[in-house]
Amino acid sequence: MKDALTIHRALLGWEAAHKIVRLPVALAHADELPKALALPADHCLVTRVYSCDPNPSPSPNPRLALELEPSLDLAPNPRLAPDPEPRLDLEPGLEPKPGLEPGLEPKPGLEPSLESESEPGRGRDSDSRPGRGLGYVRAHGSARILDRSRGGLGDGGRPGRAFLVGVIVAAGERPPLDVVRRAVGAEIVRPARPGVVNAVTEYAAGLVCPLLLPDDMPLLIDRRVVDGLPADDVVYTATGEASTALGIRGRTLYDLCGAKPADLFPSPSATTARANAQGPRHQVA
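This note's numbering numbers the first residue of the sequence shown as 2 and each following residue consecutively.
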């Protein structure tokens, strides 16, 4: 799992000024950073992770169906006929055991098992790296294998595959799910399960840092965070650990994480305009 040391080494390689701060209290979630650091919430950033179901593939257009003229009779092609069922001729005395297909008898001492030799309880298809089991890849489509780039938001992803998206906001704020759904072009958006967050991001759920995330995992950032803070102001994020935080200039963090600015919250003027358009709920005498 990634931690403060992993982030520190990466930032040293990028020659980015930063500091790792040891917190006076342990965090249960990155939303507790303002209280632990005695800072305003807009100087503490939280990376929320959501699971997105892509839009279903469009149904075929019936107008594009191939129509054949009556005179064009398609004769069956003998070359495309299915092969006859293969037969296995056994020598006398080599009849198969009951319940097994011919030729599939296990050798002595090599009974079949679903567990790997390296680690009991893990199937052959499991990845030996921490948090990289292929069970989630096949069931949900891990962000590691999606053909999605951070610049390709809004296309809804590949049909039939779920994906994860990270959203950077100020501590304590949660963007509306419908806004996130429209931003990434998904059909359904929900908070990702902790186990999925751990496996895909390799950070502890609730303490995700916006750096070192999978390159093909879409990442959004609240536009107010980008426009509201001076470039030299320091912001703080989680490190994957409960006892540390990362301090880094906001502009540096934005440049390194490659997040796409998005309007995740309605502007105050738009909210006021909608309230005025609705009019009073009760008639004034």
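We put the CB at the ideal spot given by N, CA and C, even for glycine.
Being a predicted model, the structure only gives us computed values, none of them experimental.
Within the same chain, 52 come within 6 Å of residue 191 by CB-CB distance, once the 5 residues on both sides are set aside.
At least 8 Å separates the beta-carbon of residue 248 from that of residue 255.
In the DSSP annotation of this structure, residue 30 is not part of any beta strand (DSSP E), being labelled neither H nor E. Burial check for residue 55: the Cβ neighbour count within 10 Å reaches 16 or more, so the residue is buried. Residue 231 and residue 251 have their C-alpha atoms spaced approximately 8 Å apart. For residue 263, the enclosing beta strand (DSSP E) stretches over residues 261–263. Residue burial is scored here from C-beta neighbours: residue 3 has at least 16 other C-beta atoms within 10 angstroms and is therefore classed as buried. Contact between residue 212 and residue 29 does not hold, since their C-beta atoms are separated by about 21 Å, which reaches or exceeds 8 Å.
The beta carbons of residue 169 and residue 46 sit closer together than 8 Å. By the 16-neighbour rule on beta-carbons within 10 angstroms, residue 18 is exposed. When DSSP reads this structure, residue 45 sits in a beta bridge with 237. In this structure, residue 42 lies away from residue 243, with their beta-carbon atoms at least 8 Å apart. The straight-line gap separating the alpha-carbon atoms of residue 208 and residue 33 is approximately 10 Å. Partner residues in a beta bridge of residue 163, as assigned by DSSP, do not exist. The criterion of a C-beta distance shorter than 8 Å is satisfied by residue 246 and residue 22.
Taking C-alpha positions only, residue 185 is separated from residue 216 by approximately 16 Å.
Membership of residue 4 in any alpha helix (DSSP H) is not indicated, and neither H nor E is assigned to it by DSSP. Secondary structure of residue 175 (DSSP, three-state): coil.
Note: residue 187 is bridge-paired with 55 in the DSSP secondary-structure output. Assignment of residue 39 by DSSP, reduced to helix, strand and coil, places it in the coil class. Residue 246 carries a strand assignment under DSSP once its states are collapsed to helix, strand and coil.
Note on geometry: alpha-carbon atoms of residue 210 and residue 204 lie some 7 Å from one another.
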